[in-house]
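**Q**
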Amino acid sequence: MPRFYLSATLLLLFLLEGTVFQVFTPQRFLETMTLVPRFALVGAILVSFFLGRREGLFYGMALGFLHDVLFGNLIGVYTLSMMVASYFAGLIVKLFHRSPAVFLTTISIVLFGHEWLVYSLFRLFSIAIVDVQWVLTKQIIPNVIANVIFAIIVYWPMAKLCDKVRARREKTSE
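Residue 184 is where the sequence shown starts when you use the numbering used here, and the numbers rise one by one after that.
(1) Take G235 as the anchor and find which of A272, F286, Q322 has the nearest alpha-carbon.
(2) Got a sec: does the ligand ADP put a non-hydrogen atom nearer than 6 Å to the Cβ of E298?
(3) Any Cβ of chain C within less than 7 Å of the Cβ of I275?
(4) To which residues of the same chain is F295 closer than 6 Å at the C-beta, ignoring the five residues directly before and after it?
(5) Enumerate in chain order the residues of its own chain whose CB-to-CB distance from E238 is below 7 Å, with the five nearest sequence positions on each side excluded.
(6) I'd like the list of long-range same chain contacts for M266, defined as Cβ closer than 7 Å, with 5 residues on each side in sequence excluded.
(7) Whose C-beta lies closer than 8 Å to the C-beta of R349 among residues of the same chain, with five residues either side of it excluded?
(8) Can you give me the Cβ contacts of L199 inside the same chain, cut-off strictly under 8 Å, excluding the 5 residues immediately before and after it?
(9) Whose CA, out of F305, I228, K277, Q322, lies closest to the CA of L189?
(10) Taking the alpha-carbon of T192 as reference, which of V206, L218, V225, F204 has the nearest alpha-carbon?
(11) Verify whether the separation of the beta carbon atoms of H250 and A268 is less than 7 Å.
(12) According to DSSP, is G296 helix, strand or coil?
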């Protein structure tokens with residue numbers, strides 16, 4: 184049952200990033216920059232942070248595929264980037280100890296890498312012909328900052344939910 188709650192929570196985060204946040208974004212105040220919520224990606228990164236890179240990879244792949252099908256111009260861009268981001272977050276956590284500093288650094292680097300990979304793939308296929316400096320200052324950096332703030336907010340609830348999933352998994356493996 185905890186795994187169902189985890190999956191439902193990630194699906195809810197995915198739905199929130201595509202619906203509710205788009206309504207409440209003050210676009211008239213943010214004319215110079217673009218904020219894109221990546222709540223589902225943050226959730227998948229936190230899952231890989233707490234449950235391991237393999238679990239994060241699967242959640243990242245599923246949520247990325249949903250993003251590609253519902254919002255994407257190309258099938259596979261977000262599937263690949265969210266899957267890779269979640270996997271590397273879990274890999275970094277496996278190499279280093281879990282502390283708030285490692286968490287903030289990891290999530291910042293992984294979110295930046297995700298945004299850069301998406302931009303690079305769109306640039307490769309000539310869908311986004313935009314100056315790199317503009318993309319960095321007006322899209323990637325504000326997105327990373329906003330999503331890191333969101334990650335800080337949901338860190339403890341996701342940690343508790345993932346702890347329940349881990350406890351259930353250990354209980355069934357005995």
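A virtual CB, placed ideally from N, CA and C, is assigned to each residue, including glycine.
**A** Result, derived from the coordinates:
(1) A272
(2) With respect to the ligand ADP, the structure shown offers nothing to examine, as it has no ligands at all.
(3) The chain labelled as chain C is not found in the depicted structure, where only one protein chain is given.
(4) V327
(5) V230, S231
(6) L240, G243, M244, G247
(7) F233, L234
(8) P220, F222
(9) I228
(10) V225
(11) no
(12) helix
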